[in-house]
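**Q**
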Amino acid sequence: MPDHLLLNGKKFFLDEIQHYSFRESIPINGYEAKTLEFCKNWLLGVQEFPVQTSGSTGTPKLLALKREAMEASAKRTLQIFDLLSGDKVLVCLNTEYIAGMMMLVRGFVGQLHMTIVEPAGNPLAGVEADAAFAFAAMVPLQLQTVLEQTPEKVSILNKMKALLLGGAPLSKYQEELVQQLQVPVYQSYGMTETVSHVAVRRLNGPEKTDFYRASEGVTLGQDERGCLTISADVTNHETLVTNDKVELLDAQTFRWLGRADYTINSGGVKIQLEKVERTLEQALREMGMNRRCFASALPDEALGERLIAVLEGQPLTDLEEENLKGKLSETLGKYEIPKQFGYLPRLPETATGKIDRRGGMALL
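Residue numbers (the UniProt record's numbering): 1 to 364.
Right under this line is the structure:
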């Protein structure tokens, strides 16, 4: 097992971490302290770990995850991506949340060399160009930023065994960017309650697919709403009911259709907000505008709910709005075209970097 890890460029020996003997000799910031606190507790054999859900789909809540479930999840990831003892991994997601925390667990369970960097838009900005890692997990926007801002760092990605993306769906533009990479890139499906991912789909190369395949030992099903249900060792073999509408292809594979709670009823017509968002983002890009956006609803006396699109940045002109609606009508039905556009200088984000729709509507 490696005897140390790197955290923001500082070397910490594992025996030091267990006893906090580095505190007086190495200055550490708040993020480093929290990361090292988790590492210490893991190394000391703590059996239960509190972790906060991101709050992107509901009120954030604190869960207590059992060590046994975290180890089972880590072993599954190590097996899927062929990570071996001594492999180097980059940890660049917030370690206070499940995605980053599980990168640490994989490191300890798999005896991997961990290079941990504080979460940033471009996680490779401070990494040497000749660095070599076997594996990393990022959110899609991080990968987009790396490819757009530091294309010279692509070689770091292409030397990896695999790159895992999660935390948010990929836009069409981000999926196009991924195609330029040689490294196998996967999108994860999972949540805090499933102790990270329970299924993945390949995003590039000859094995690219539009469906997710569940890991061995994971049982999938659907409820009466068409939402995915999951049972596995990480759920203590209890059935977890999600809010994700899926097309279940067989016992191990599914297509993700969108969130059940991201469906609105406008004048008796059900509208899937994620479909509107994907089309809107693509239309904006075709008009030469690289803007973040989201779709939501406002109360309406006649329709019940009125579809609204919220864009980041300066308001569009009336003509630009009309042109945008015209582009949307090429793909969307007339009820799926926003009745109104709202604007915010910057869209609020959750602690894990996802667009905070509820926060955005409150600001609006």
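Cβ coordinates follow ideal geometry from the N, Cα and C atoms, glycine included.
Do you know how far the Cα of Asp300 is from the Cα of Arg225?
**A** 25 Å
**Q** Return the residue from the list Pro140, Asn122, Lys153, Asn41 that minimises the CA-CA distance to Ala132.
**A** Lys153
**Q** Where does Pro50 sit, in a helix, a strand or coil, going by DSSP?
**A** strand
**Q** From residue 409 to Ala64, what distance separates their C-alpha atoms?
**A** Within the shown structure, residues of the chain are numbered from 1 to 364, placing residue 409 beyond reach of any answer.
**Q** Thinking Tyr189 and Arg202 are a contact (beta carbons under 8 Å), I'd like their distance in whole angstroms, please.
**A** At roughly 13 Å, the Cβ-Cβ gap does not stay under 8 Å, so Tyr189 and Arg202 are not in contact.
**Q** Could you say which of Tyr97, Met102, Lys66, Asn94 lies nearest to Leu78 if we only look at CA atoms?
**A** Met102
**Q** In angstroms with no decimal places, state the Cα-to-Cα distance between Gln180 and Asp87.
**A** Between Gln180 and Asp87, the alpha-carbon positions lie close to 24 Å from each other.
**Q** With DSSP collapsed to three states, give me the class of Asp244.
**A** strand
**Q** Of the residues Asn265, Glu336, Leu332, which one's Cα is nearest the Cα of Glu305?
**A** Asn265
**Q** Please list the terminal residues of the continuous alpha helix (DSSP H) segment that includes Lys159.
**A** Counting along the chain, Lys159 falls outside any alpha helix (DSSP H), and DSSP gives it neither H nor E.
**Q** Would you kindly report the start and end of the unbroken beta strand (DSSP E) that includes Lys88?
**A** 88 to 91
**Q** Could you please give the first and the last residue of the uninterrupted alpha helix (DSSP H) stretch that includes Lys40?
**A** Per DSSP, the continuous alpha helix (DSSP H) segment holding Lys40 begins and ends at 30 to 43.
**Q** What three-state label does DSSP hand Asp300 in the structure shown?
**A** strand
**Q** Secondary structure at Lys10, three-state DSSP: helix, strand or coil?
**A** strand
**Q** Please classify Leu220: does DSSP put it in a helix, a strand, or coil?
**A** For Leu220, the secondary structure class from DSSP, reduced to helix, strand or coil, is strand.
**Q** Can you give, in chain order, each stretch of the alpha helix (DSSP H) that sits fully within the UniProt domain "AMP-binding enzyme C-terminal" (280 to 354) and has at least 4 residues?
**A** Here the runs fully enclosed are 318 to 329.
**Q** Report the option in Tyr262, Leu147, Val246, Asp82 whose CA atom is closest to the CA atom of Trp256.
**A** Selected option, being the one with the closest Cα: Val246.
**Q** Mind checking whether Leu316 and Leu344 have CB atoms under 7 Å apart?
**A** In this structure, Leu344 does not lie closer than 7 Å to Leu316 by Cβ.
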